[in-house]
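Just below is one structure, and these are the notes that go with it.
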Amino acid sequence: MASRKRTQNRKQIKFKSAGQLKSTIDQHERDIAFEKLIGIKTPLELGVGRDGLFRMHKSLKDQIRDNFKNLLMTNHGERLGNYNFGANLEELAFELATDDIEKEAISRINMAIGKYMPYISLNGFEAFTEHNDNEHTAKIGIRVSYSIPGLNLSDQVVEVIIRAAG
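In this text, residue positions in the sequence shown follow the working numbering: the first is 4, and each later residue adds one.
This is how it looks when you write it as structure tokens:
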């Protein structure tokens, strides 16, 4: 019989490092199942993993913020099958510096919130204009602070650009 010679370059592997325990895998699957996918995130992005075709929101707070932002940015006639959806703010964009127009914008936002998102409480409104390097181009937008009493969330802010002018 031939004798075998042992070499010093052996790698020792422990079976405990060769995979995951069934209990660990089961817990991970329960965690994933518990994580609810609430709604599609906008702007649309391709989904990853469990998201499916598009990325999804996994928290109610983020979904409400996204829905509120879309409500503010939508004008009447833009939502197919729902003509009156939106705050209809674009036609006011170039006049937001005056008090009367700010009051009209606040009124339109209040009406849209009352009709489509009554669970939101509005706290504050601010119109702003951001000028670029020159005075000929600007972004016109609004910043709205709100709270969601049903979720005990306060001091939430959404900011949208209504119009870029130049």
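For every residue, glycine included, the Cβ atom is placed at its ideal position computed from N, Cα and C.
By Cβ distance, which residues of its chain are closer than 7 Å to residue i, with the 5 residues on each side in sequence left out?
{"i": "Lys72", "result": "Val161, Val163"}
{"i": "Pro152", "result": "Ser124"}
{"i": "Leu74", "result": "Gly89, Ala90, Ala115, Tyr119, Met120"}
{"i": "Glu38", "result": "Lys61"}
{"i": "Lys181", "result": "Absent from the model: residue 181. The displayed extent of the chain is 4 to 169, so no value can be given."}
{"i": "Tyr122", "result": "Ile151, Gly153"}
{"i": "Asn87", "result": "His79"}
Using a Cβ-Cβ cut-off of 6 Å (strictly less than) and excluding sequence neighbours within five positions of residue i, which residues of its own chain qualify?
{"i": "Ile112", "result": "Ala90"}
{"i": "Gly50", "result": "Leu56, Phe57, Arg58"}
{"i": "Phe166", "result": "The amino acid at residue 166 is misidentified as Phe; the sequence shows Arg. Result list for Arg166: Ala96, Ile143, in chain order."}
{"i": "Leu47", "result": "Phe57"}
{"i": "Leu40", "result": "Met59"}
{"i": "Asn78", "result": "Gly89, Asn91, Glu93"}
For residue i, which beta-bridge partners are listed by DSSP?
{"i": "Thr24", "result": "What sits at residue 24 in the sequence shown is Leu, not Thr. Paired residues: none, contrary to the question."}
{"i": "Glu162", "result": "Arg146"}
{"i": "Gly42", "result": "His60"}
{"i": "Leu154", "result": "In the DSSP output, where bridge partners are listed per residue, Leu154 has none listed."}
{"i": "Glu133", "result": "Lys142"}
For residue i and residue j, which I take to be in contact (beta-carbon distance under 8 Å), what is that distance rounded to the nearest angstrom?
{"i": "Ile143", "j": "Thr132", "result": "5 Å"}
Unbroken alpha helix (DSSP H) runs of length 4 or more, entirely within the stretch 60–121: which are they? 63–76, 102–119
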